[in-house]
Each structure stands twice: as structure tokens, then as C-alpha cells.
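S.K.: Protein chains in written order, with this note's numbering: chain A, 546 to 1004; chain B, 546 to 1004.
Please see the structure below; I have some questions.
Below, the structure written as C-alpha cells:
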């Protein structure tokens, strides 16, 4: 869902007070390079998934301080007149490159790089991180679930368990991770995602009995609908469901199971359906699923999975822990300099970075190569020498023009395909749900002239 | 942040297909009672916190299907003409009562009760649950953190770690749970919450050295500002920070520590500040805090806590697991009947419910009394007999008029005060961070005429 009200106040106050300070010292106009990356993957995760890129591009475009925003900032005394003047004219005039949406990433992967003046680039920190952290967390969970489902369709149904606007973004991120439908209508309207859903237990309960409910649903949605059969007794429910469809002249599309021991029930219900001759009637299951439950259901005769809470909350990891760090900036002499803080436990690697995925002879990913370099050209030459697939694409051209192919109507479908290809390229260890290291190691090479630090230990 | 685009498509598709089916069977117009409650509290939680009520009321008011929404539904073939006609004219015409925002709740507490026709009430399920599940999860985490902080101010800084619109709602929910400020500007504009923030590491790094950065910040924000002292060496940072403020003719407001061993550092930095004579300079800490880290820091000389990720993601429980269930509806004879599904592991208690908090002689909460009753009058009489404090207030008057006191400009501050009172009323066990039962038990009494079930086991 496009935020119609502008995105400029979806911002931490300190982004603006930093501009206020930087205007005093003359550093607001220094050319700067900010990088989005993660220091580590969440426990048990073998890879991350870039998601939200298209939403970031929309948010950057909508990042304007209108009269209402300026009035609020002035009234609340957040910043002074000089900063307000800068914000009033603000539009992002720098450039952004990054991993294309759907790509897998690893600790230290520079998944988005924002270049511009310090003021231009720092102010985007909050909204860029919010979008990427949320959407990537959901996409990573979705990817594990679709891996565990081994080709059976996974459907997103978690809208009620997360913030109402997050739900729409979560549905989109789930598609990046391989999901094939969503329950939430706004995601259908905004992103063209197929919407799914038939009825809840309340529909059965508002009727005098299950027969009446099933008859009404079949009359409205046709015999190909999915009937929820566990409001009362499942065996009786299945019987009535098949009968309701046949009375309307068809075979039932599917039954849905939403409680109890789903593995055992799937076998029982499949047997019952087959014995009733309803061999084409499918079984969909929906109760508190996550990637582990899905893996356990693989041996059962289930046709599709509806996933709610665990998907939209990132299956234990609701945020991707991406950070946005200044890695290079113009010095007093006008030359670009690598910068990095040295805080205990939070040290960062300085410098503009170019990244590539090194593959072995069987075209399987073997290594994430991250090159700190003075210029993109020198970094890309290093990737070419290593035979690495370049990971970064242009998202916003220098000057602020957005590369529309990364947010057009086909962008989501392409991101889904890209993710599948990126995941399939990883070694088999990537598919495991258990504890373990990232699927491939990240190797950092520093070709910045005159640099002699050894940064390997800090990734 | 008010959703300006309307909330009607922030809805699961099945809400609309249920209306389609219910129109066929004539049940769409049956008077119905839906109830929001949770079956259990998350692990280690002794109480839940109602939050999001004001946002629910706004969402109900904005729940209208405009031409754009109708066009989408028609074009996508989601529902047929009769349902579209109903939706085109839709506005909620029923009534809503519930626990006032900020109240503590327990398993089985009927925190919101929606009455209206089946069609009127079922369609609000998704957006009501989304708001309450998100906001209550954040408020519950916030409440544990402010309890652990023992009066030291807690400040919300998590915008970058959650969906950009959730961030604004999370800031609001944090205030319900006792937080006293937020970093995110939109929460300042939308809800009048005090915003806070000064500078990140990037601000120090964009300058040629720490002295220049501190001087610029003090010039812009005054010596009372908070300086981040751990970009390089903390001891040197503290020295420079105090000096920068004094050069500008004042004493430094505070230093911020954002990495390393915060407990040890807080002692060292306090000692250093005192030895420099900066006894009024405060210490704020901000690195990956949760309620346990805050509790551990209690013994250290820290003045305030900035909490990010763990707050906005509900500290391990990003959703409150509230459900929205049909508990009573009109039968064929026009009389209201209790209804409940009997699915294994998901059984619900039927009937309209009235709830009260029973207190012991020292006015401390002893029990959550939940009465299933045929009418509000009979339920309230039962509460009075038990001497229980009635928990439900009118939120939407019958016919759809919203009770504005629950969403006006003062509503948030009152919810914060109400939460503090509600929490203080609980037994001391409520304050524990460890595993344990809900702070008070829920007792269910069924005075519905002619009812002989024993529902006690299902709460």
C-alpha cells in the first residue's frame, strides 16, 4: 500500500537534529556513502532475503516535507529555520544501488548503498531500514516455509496478527519468499496478489446447523469452494461437506482443517474423502503453522498450507537487524575517506563496497565476495577477476531519478523468480532448518589504496 | 497515524465471502455478538495490556467501501452484486463495548465485544484484531520494561526495526505501557508524544574528528544536549563531551552509551563525570535493551533507557494472540442463542459476557470474574453481588456513534494513567519477569438460563 500521506515524518528525530548540527559545521553538504547490511543472521538462518526494495523506492520518492510537516517541526521546535529551509526543498538528489529484490544475502553483504550529501542521505535512514527490516524478515521466514513445503502452495493469512498496514507489506514480502496467495484484500488491490479465503467458524455458527452453513456457502461460492469442516465433529463435517457440493451438482474443491493434530487428521480425512469417491477434493491446513510444522506435514496428504502468525512475525525473528552506516565521506580536502566507528562489539567496515557471488564449477554459490574500494570501477574489476556474479544494481540514478523497473507492476513477480533462482544457487546446506552457519562465507577484500587494516575478523 | 485511505480493504477476503454466503441463507441480518479475547498469555507474561482502542475506533469510523474499493472487488470477482450493494452502503451500525485502553487483561477476559448484524460485525474482524494484537503486544512489552526500570524514564527508539507505519502505532502503545517519549516524528505529530533524539555515530564520523562533531552539536542543540560518546574511545569521548559543553558555557545534559558492557561502562562513566565535576550530566543507555537488560542495569548509575527492537517487536511476542469469535446470535425464532465451536484444542466459551475485577480487602485484584449472561443487566447484577469492579465501558453506541472520549486528544494520557492504576492494583507476582501463572485467575460463571455446561476447564 502506498503511503499517501508522505513518508517524511516516518523518521527518527535525530536524523533532523543531525542535519541541524551538520549545517553548523558545514558537513551537511559533504558527499557521503551509507550502507545497509547486517552483522549477523538470526539463529538457524542460513541466508537472508532482500525484500521491500520497491517500497523503499516509493518511500524515497514520497519523502517530501510539505507545509503540514514543516508546520509540525516548526511548532514543536524540533529544528531551526535553516534546517526547515533545507527540508522544505528536500528531495533525494543522490544515488542508490543495491541487491535486487529477492536476492539472498549474508552477514556483511552491502544490500543497499545510498550516496549523496550527508543531509540528503542520512535523513532516509529510518524509513529505509524500517521497510527493509520488516519486509526482509517476513520474506526470510516465507522462504524457509516454501522450502519446507517442497512445492505445495503456501498461502499468507496473517493479517489479523500484525499491524494493519504491516499486513499488506507482509503479504507482498511473502510472495517474494515464494508464497502464492494472501487473505488480505488490500494486498490484492495494491500489488495484484491473488487473494484467497472462504469462511471462518463464525459462518458455520451463525447458521442453525452445519448443513445449512455448507449449503449457503456452496450456493454463494460454488461446489469448488473450500469448506471448513472442524467446527463440530470432523468426520461428520467432511460427510456433510461432500454432500453439500454434490447436491449443488459438483465435487467439493477442498476441505480446511484448522485445529487438532493436523498430521493424523490429514490421513483420516484423506481416507474418508477417497472412500466417499471425492478423490479430487483437496485438503488445506491452517493452524499455527511455521516451517517446522510444515516440514512435519510433508509426509501427510495435505495439498496446501495457510500460514498466519508465524509468517507475518518473521517466525521468531520479526526484524532482519539490518543497519544503515556511514562508511565513506568527503574530507576537508574534498577527497573521499573511509570511516568506521570502533565501538566494542559494534565495529563496522569502512569504505564503499562492491559485492559479488563467487560460484564453483557446478555454478553453485561458494562465497560472498565484498570488496572495499575507492571507486565502483576498481571494485567491479576485482569481481571480474574473481569470476563473481555482481550483486548490485542501480536503483536510483545520480540526481534522484528512480529506476522504475524495480517497482513497476511486474517487479514483484520478478523478485519472486529472482529469489527462487538465488536460493537454488546456494549449496544444499541452505535448505536446512537446523542451527548452522550461513550457507556461504563472506570474504572481505580491501583494495582501498594505502589501507593496511585486517578487517576479516569483524564480519 | 490515521489511515487516510480508508480501512475497508485491510480485511481478509473471507469476511466478504462469508457475507456473500450469509445473504444466500438469510443469516446476514441475524443479530450477533462477537468477542475479542485470548486463550492464553505468552510465556512469562503475568498480564496483558489493552492498547489500540482509540485506533480501533478510528478504523471503525473509516471502514467504508468507496468507489475505488467497490471497483476493485467487482473487477477481481471477489463477491457478487448483492454483496457489493451491501458494502457500498456499509457503515457500522451496531455497538461496541470493551475494556478501556490501558487496562490489564487475562485469559478469557472479553476485552472487546462487538454487537450488530452478522454482516455488520463479522467484517470488522481483521482490522480490529490487527490493531489490538499489534498494539497490545507492544504495550505489554513496554509495561514489563517500565516495571523493570523502577521509575527511570524509558524512551521508544525502535522505528527502524519494524514496518514504518507500525512504528508510529508502536510508539503510541509504548506510551500506554508507561514510556515517556519516542524517536519517531510522526508519533509526535499524530499523538502529541514527546519526541527525543540528538545524533548517531554517523554524525561523529562525518566530521574530521570527535571534537568538531561535539562542538557542532552543542552549537546547534545547546550544552544541555545528549552526546554519543562511544564512536571511538569512551573515556576520551566523555572528556571531549564535557569540554564541548563547557566551551559553550554550560554543563552537558547527558552522554549516551550504545555499545559494550553497559553496566560496567555506566559505573566508569559516572565516576569519570563526577571526577570532572559534571555531576548533573546524565547517562542514557541504548544498546539492544529489553526488560531483562533493564533489570540488570537497575543497580548501575543510569538515568534513562532507550529501547528499540525488543519493544517494537513485543519482546519475543510480537502479537497478543487475541481472537474474534462469534459467541451468541439470533436463532430462527428471533431469540439470542449462545454458540461455540467444539474443535479440539480451540474450544470457545459461548454467550455474551460481562466481566469484573474482584478485589480483596486490601483493594488488590484477586480474580477476573467473567459472567456469561443473557442480558447485560443480569451480568452486571452478578458483578455487583461479587463486589467486582466492572471492566467494560461503552465504546460505540448502538447505531454506530463512537464515544469520543476514548479517542480524543487526552485519551492516550488517560490510558497511560489507567494502565498504571490497573497494574498497581495487581498482586506483586504481576511484576515478576520469570515464568509463572497469570497474576490473577479467571473465573467463569454461566448464568445463562437453562445452561448446564461446565466451561471452567476451557479457559
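We treat Cβ as the ideally placed atom computed from N, Cα and C, and that holds for glycine.
So residue 721 (chain B) and residue 643 (chain B) are in contact, right, with Cβ under 8 Å, and what is the actual spacing, rounded?
M.R.: Within the second chain, residue 721 (chain B) is the residue found at index 176, counting from 1. Within the second chain, residue 643 (chain B) is the residue found at index 98, counting from 1. At roughly 14 Å, the Cβ-Cβ gap does not stay under 8 Å, so residue 721 (chain B) and residue 643 (chain B) are not in contact.
S.K.: If you draw a straight line from the alpha carbon of residue 931 (chain A) to that of residue 866 (chain A), how long is it in whole angstroms?
M.R.: Indexing the first chain from 1 puts residue 931 (chain A) at position 386. Indexing the first chain from 1 puts residue 866 (chain A) at position 321. If I take the Cα positions, the gap works out to 29 Å.
S.K.: Have a look at A:787, A:864, A:839, A:861 and flag the residue whose alpha-carbon is nearest the alpha-carbon of residue 815 (chain A).
M.R.: Here the question's residue 815 (chain A) lines up with position 270 in the first chain. Taking only the C-alpha atoms, the option nearest residue 815 (chain A) is A:787.
S.K.: Cutting at 7 Å between CB atoms, please list the residues of its own chain near residue 993 (chain A), excluding the five before and the five after it.
M.R.: Counting from one through the first chain, the residue named residue 993 (chain A) turns up at place 448. These residues qualify, in order along the chain: 883, 896, 917, 918, 919.
S.K.: Check this for me: beta carbons of residue 638 (chain A) and residue 578 (chain A), under 7 Å apart or not?
M.R.: Numbered from 1 along the first chain, position 93 holds the residue referred to as residue 638 (chain A). Numbered from 1 along the first chain, position 33 holds the residue referred to as residue 578 (chain A). Taking 7 Å as the Cβ cut-off, residue 638 (chain A) and residue 578 (chain A) do not qualify as a contacting pair.
S.K.: Got a sec, what are the start and stop residues for the beta strand (DSSP E) residue 989 (chain A) sits in?
M.R.: Counted from its first residue, the first chain places residue 989 (chain A) at position 444. Counting along the chain, the beta strand (DSSP E) containing residue 989 (chain A) begins and ends at 987–991.
S.K.: Residues of chain B with CB under 8 Å from residue 766 (chain A), in chain order?
M.R.: Position 221 of the first chain, counted from the start, is the residue given in the question as residue 766 (chain A). The answer, in chain order, is 562, 565, 566.
S.K.: Listing by chain order, which chain B residues have their CB less than 8 Å from the CB of residue 678 (chain A)?
M.R.: Locating residue 678 (chain A) in the first chain gives position 133, counting from the first residue. 705, 706, 707, listed in chain order.
S.K.: Using CA coordinates, which residue listed in A:803, A:763, A:619 is at the minimum distance from residue 633 (chain A)?
M.R.: Counting from one through the first chain, the residue named residue 633 (chain A) turns up at place 88. The residue with the shortest Cα to Cα distance from residue 633 (chain A) is A:619.
S.K.: Can you list the residues of chain A that residue 741 (chain B) reaches, using a CB-CB cut of under 7 Å?
M.R.: Counting from one through the second chain, the residue named residue 741 (chain B) turns up at place 196. Under the 7 Å cutoff, chain A gives 558.
S.K.: Helix, strand or coil for residue 944 (chain A)? Go by DSSP, reduced to three states.
M.R.: Position 399 of the first chain, counted from the start, is the residue given in the question as residue 944 (chain A). Residue 944 (chain A) falls in the coil class under three-state DSSP.
S.K.: Provide the residue(s) that pair with residue 495 (chain B) in DSSP beta bridges, ordered along the chain.
M.R.: Past the edges of chain B, shown from 546 to 1004, lies residue 495 (chain B), and the structure says nothing about it.
S.K.: Just mark residue 547 (chain B) as buried or exposed, buried being the case when its beta carbon has 16 or more other beta carbons within 10 Å.
M.R.: Position 2 of the second chain holds residue 547 (chain B). Any reading at residue 547 (chain B) must be qualified, since the residue scores a pLDDT of 39, below 50, and its modelled position is unreliable; the value itself is stated next. Exposed, because fewer than 16 other Cβ atoms sit within 10 Å of the Cβ of residue 547 (chain B).
S.K.: Taking DSSP as the reference, what is the three-state secondary structure of residue 653 (chain B)?
M.R.: Counted from its first residue, the second chain places residue 653 (chain B) at position 108. Reduced to three states, the DSSP call for residue 653 (chain B) is coil.
S.K.: Output needed for residue 780 (chain B): all residues of its chain with C-beta closer than 7 Å, excluding positions within five of it in sequence on either side, in chain order.
M.R.: Counted from its first residue, the second chain places residue 780 (chain B) at position 235. Counting only Cβ-Cβ distances below 7 Å, and skipping sequence neighbours, we find 817.
S.K.: Please check if any C-beta of chain B sits within less than 7 Å of the C-beta of residue 711 (chain A).
M.R.: The residue you call residue 711 (chain A) lines up with position 166 of the first chain. Yes - at least one Cβ of chain B is within 7 Å of the one on residue 711 (chain A).
S.K.: In three-state terms, what does DSSP make of residue 565 (chain A)?
M.R.: Taking the first residue of the first chain as position 1, residue 565 (chain A) is located at position 20. The answer is helix: DSSP assigns residue 565 (chain A) an H, G or I state.
S.K.: Identify, in the order they occur along the chain, each residue of the same chain with its Cβ nearer than 6 Å to the Cβ of residue 576 (chain B), setting aside the five sequence neighbours on each side.
M.R.: Numbered from its first residue, the second chain carries residue 576 (chain B) at position 31. Counting only Cβ-Cβ distances below 6 Å, and skipping sequence neighbours, we find 875.
S.K.: Here's the rule: buried if 16 or more other CB atoms are within 10 angstroms of the residue's CB, otherwise exposed. What is residue 685 (chain B)?
M.R.: In the second chain, residue 685 (chain B) corresponds to position 140, counting from 1. Counting Cβ neighbours within 10 Å, residue 685 (chain B) comes out buried, since at least 16 surround it.
S.K.: Identify, in the order they occur along the chain, each residue of the same chain with its Cβ nearer than 6 Å to the Cβ of residue 971 (chain B), setting aside the five sequence neighbours on each side.
M.R.: Residue 971 (chain B) sits at position 426 when you count from the first residue of the second chain. Excluding residues within five positions, the ones whose Cβ falls inside 6 Å are 910, 984.
S.K.: I believe residue 749 (chain A) touches residue 758 (chain A) by the beta-carbon criterion, under 8 Å. Please report the beta-carbon distance rounded to the nearest angstrom.
M.R.: Taking the first chain and counting its residues from 1, one reaches residue 749 (chain A) at position 204. Taking the first chain and counting its residues from 1, one reaches residue 758 (chain A) at position 213. So it is a contact: roughly 4 Å between Cβ atoms.
S.K.: Which same chain residues, not among the five before or five after residue 726 (chain A), have their C-beta less than 8 Å away from its C-beta?
M.R.: As a first step, residue 726 (chain A) is located in the first chain; it is residue number 181 there, counting from the start. The residues are 698, 700, 701, 738, 739, 740, 741.
S.K.: Which chain B residues sit within Cβ distance under 9 Å of residue 670 (chain A)?
M.R.: As a first step, residue 670 (chain A) must be located in the first chain, where it is residue number 125. The contacting residues are 705, 745, 747.
S.K.: Within the continuous alpha helix (DSSP H) that includes residue 854 (chain B), where are the two ends?
M.R.: Within the second chain, numbered from 1, the residue matching residue 854 (chain B) stands at position 309. Here the alpha helix (DSSP H) through residue 854 (chain B) covers 854–857.
S.K.: Considering only residues of the same chain and omitting the five flanking positions on each side of residue 855 (chain A), which have a CB-CB separation below 6 Å?
M.R.: Indexing the first chain from 1 puts residue 855 (chain A) at position 310. These residues qualify, in order along the chain: 835.
S.K.: For residue 704 (chain A) versus residue 710 (chain A), is the C-beta distance shorter than 7 Å?
M.R.: Stepping through the first chain from its first residue, residue 704 (chain A) is reached at position 159. Stepping through the first chain from its first residue, residue 710 (chain A) is reached at position 165. The answer is no: Cβ separation not under 7 Å.
S.K.: Please report the distance separating the alpha-carbon of residue 1001 (chain B) from that of residue 736 (chain B).
M.R.: Here the question's residue 1001 (chain B) lines up with position 456 in the second chain. Here the question's residue 736 (chain B) lines up with position 191 in the second chain. Any reading at residue 1001 (chain B) needs caution, since the residue's pLDDT is 38, under 50, leaving its predicted position unreliable; the model's value is listed next. For residue 1001 (chain B) and residue 736 (chain B), the distance between alpha carbons rounds to 41 Å.
S.K.: Start and end of the alpha helix (DSSP H) containing residue 837 (chain A)?
M.R.: Within the first chain, the letter at position 292 stands for residue 837 (chain A). It spans 836–842 - the alpha helix (DSSP H) in which residue 837 (chain A) sits, taken as one unbroken run.
S.K.: Taking 6 Å as the cut-off, is the CB of residue 838 (chain A) close to at least one heavy atom of the ligand FAD?
M.R.: Summarising the ligand content, the structure contains no ligands, and the ligand FAD is consequently not present.
S.K.: So, do the region 557–566 of chain B and the region 659–678 of chain B have three or more beta carbon pairs nearer to each other than 8 Å?
M.R.: Yes: at least three Cβ pairs fall under 8 Å.
S.K.: Could you check where the beta strand (DSSP E) with residue 582 (chain A) kicks off and where it finishes?
M.R.: To locate residue 582 (chain A), count along the first chain from 1; it is residue 37. 576–583 is the extent of the beta strand (DSSP E) around residue 582 (chain A).
S.K.: At 7 Å on the CB atoms, spell out the chain B contacts of residue 622 (chain A), in chain order.
M.R.: Numbered from 1 along the first chain, position 77 holds the residue referred to as residue 622 (chain A). Ordered by position in chain B, no residue passes the 7 Å Cβ test against residue 622 (chain A), which lies about 10 Å from the chain.
S.K.: Output yes if chain B places a C-beta closer than 7 Å to the C-beta of residue 863 (chain A); else output no.
M.R.: Locating residue 863 (chain A) in the first chain gives position 318, where the first residue counts as 1. Yes, because at least one Cβ of chain B sits closer than 7 Å to the Cβ of residue 863 (chain A).
S.K.: Which chain A residues are close to residue 761 (chain B), counting only those with a beta carbon under 8 Å from its beta carbon?
M.R.: Position 216 of the second chain, counted from the first residue, corresponds to residue 761 (chain B). Ordered by position in chain A, the residues that pass the 8 Å Cβ test against residue 761 (chain B) are 566, 567, 569, 570, 572.
S.K.: Near residue 630 (chain A), what residues of its chain come up, given a Cβ to Cβ distance below 6 Å and the 5 sequence neighbours on each side ignored?
M.R.: Here the question's residue 630 (chain A) lines up with position 85 in the first chain. For residue 630 (chain A), where only same-chain residues beyond five positions count, there are no Cβ hits under 6 Å.
S.K.: Ignore the nearest five residues each way along the sequence and tell me which others in residue 850 (chain B)'s own chain have a CB closer than 8 Å to its CB.
M.R.: Locating residue 850 (chain B) in the second chain gives position 305, where the first residue counts as 1. Cβ neighbours of residue 850 (chain B) beyond the five flanking positions: 690, 694, 697, 698, 699, 700, 829, 830, 831, 834, 839, 842.
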